[in-house]
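For reference, the structure is listed below as structure tokens.
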Amino acid sequence: MSELEGKVCLVTGGAGHIGRAICEALLSHGAEVIAVGRREPATPIAHNENVATFLSADIRDAAASQAVVDAIEDRYGRLDILINNAGGGPPVAAAQASPELTHKILSLNLLAPLVLSQQAHSLLERGDSVGSIVNIASVSGARPSPGTAAYGAAKAGLLNVTKSLAMEWGPKIRVNALIVGLVHNEAGVEHYGGEEGFKRVADMLPLKRMASPEDVANAVLLMCSDRAAYISGANLEVDGGGEVPVFLHLASESSKAK
0 MSELEGKVCL
10 VTGGAGHIGR
20 AICEALLSHG
30 AEVIAVGRRE
40 PATPIAHNEN
50 VATFLSADIR
60 DAAASQAVVD
70 AIEDRYGRLD
80 ILINNAGGGP
90 PVAAAQASPE
100 LTHKILSLNL
110 LAPLVLSQQA
120 HSLLERGDSV
130 GSIVNIASVS
140 GARPSPGTAA
150 YGAAKAGLLN
160 VTKSLAMEWG
170 PKIRVNALIV
180 GLVHNEAGVE
190 HYGGEEGFKR
200 VADMLPLKRM
210 ASPEDVANAV
220 LLMCSDRAAY
230 ISGANLEVDG
240 GGEVPVFLHL
250 ASESSKAK
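At position 232 of the sequence shown the residue is numbered 231 (numbering that gives the first Met the number 0), and the sequence of numbers has no breaks.
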């Protein structure tokens, strides 16, 4: 029997590529999964006979996220694992980004996971075992993020929130973050100029490929498991070894051109 068997897990952004993979991974270990998103997925989120419960909510709305927490309390009386996965933002130059767009990006990527964690705090403390929060952050929050300044700032804030909550809420709740690198999806292919541009970017990574959603899901399983019982306040890099500094790439290209 898996150590996650019967655990009650809430996953925001559960219908997206990474969110679905996280939900399916948790379901595969026998967890009870509640997936949250603004739009219900076209197909159920499931692994074999285990099917996730889907709740439609915009977690940027504090009343909506509180309703999700209330529904979980009514049905289960506790929450064991919270995965703050919902996030994202369109690429836009900082000088052209409207105040409204900036607020929306900050709300989705920083304020919403912080507020939901606060709302879920008492449920996460209620169980017999230690509760676990995993925040899905990004390399954009750990390095400059030109073209996505608000997104990078929000993810940087989420990394700080992770360490702060870990200190405040231990020992009953562990709080960790994943610093996720480039992920292989259709949007990424389009963003990097098609398959050729996408492959060039992937080849610059030490592992010579971008992450799959399943890679992120496997890291989530690790951080939620008993094997991570003494890990809290950690920012785990899931980035295939990291991005090679541009100056090294340029120097290599210059050397080849001679």
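C-beta: ideal position from N, C-alpha, C; glycine also.
query: If you measure between the beta carbons of ILE58 and ALA51, is that distance less than 8 angstroms?; result: no
query: Can you list, in chain order, the stretches of the beta strand (DSSP E) that have 3 or more residues and sit fully within the segment 117-192?; result: 130-137 and 172-179
query: Quickly, what does DSSP pair SER55 with across the bridge? List them, please.; result: GLY36
query: Beta-carbon separation of ALA24 and ALA216 under 8 angstroms?; result: yes
query: Rank PRO145, ALA94, ALA233 and ILE82 by C-alpha distance to the C-alpha of CYS8 and give the top, closest one.; result: ILE82
query: With distance defined between alpha-carbon atoms, name the residue in ILE135, PHE197 and SER163 nearest to ASP214.; result: ILE135
query: Report yes if the C-beta distance between ILE178 and GLU236 is below 8 angstroms; otherwise report no.; result: yes
query: Starting from the C-beta of VAL243, find all residues in its chain whose C-beta is less than 6 angstroms away, skip the five residues before and the five after it, and write them out in chain order.; result: MET203
query: Name the two residues that bound the continuous beta strand (DSSP E) containing LEU235.; result: 234-237
query: Could you pull the DSSP bridge partners for VAL50 from this structure?; result: ALA45
query: Inspect the CB distances between the segment 18-35 and the segment 143-161 and report whether three or more fall short of 8 angstroms.; result: no
query: Could you check whether LYS6 and ASP79 sit closer than 8 angstroms to each other, using their CB atoms as the reference points?; result: yes
query: I need the boundaries of the alpha helix (DSSP H) containing ALA230, first residue and last residue.; result: Note that residue 230 is Ile in the sequence shown, not Ala. Looking at the DSSP string, ILE230 is not in any alpha helix (DSSP H), and its letter there is neither H nor E.
query: To which residues of the same chain is ARG77 closer than 7 angstroms at the C-beta, ignoring the five residues directly before and after it?; result: VAL7, LEU122, ARG125 and GLY126
query: Determine the extent of the beta strand (DSSP E) in which ASN83 is found, giving its start and end residues.; result: 80-83
query: Using the C-alpha atoms, what's the distance from VAL174 back to ALA228?; result: 11 angstroms
query: Regarding LYS6 and the ligand FAD, is the C-beta to nearest heavy atom distance less than 7 angstroms?; result: Absent from the structure shown: the ligand FAD. Ligands present: none.
query: Check each candidate in PRO40, GLU4 and ASN108 and name the one with the smallest Cα separation from GLY13.; result: PRO40
query: Can you tell me which of the three DSSP states LEU9 falls into?; result: strand
query: Taking DSSP as the reference, what is the three-state secondary structure of ALA210?; result: strand
query: Assuming PRO212 and HIS16 form a contact by the criterion Cβ under 8 angstroms, report the distance between their Cβ atoms to the nearest whole angstrom.; result: 5 angstroms
query: Work out the CA separation of GLY232 and MET166 for me, nearest whole Å.; result: 7 angstroms
query: Using 8 angstroms as the threshold, is the C-beta distance between LYS154 and SER131 below it?; result: no
query: In the DSSP assignment, what residue or residues form a beta bridge with GLU31?; result: VAL7
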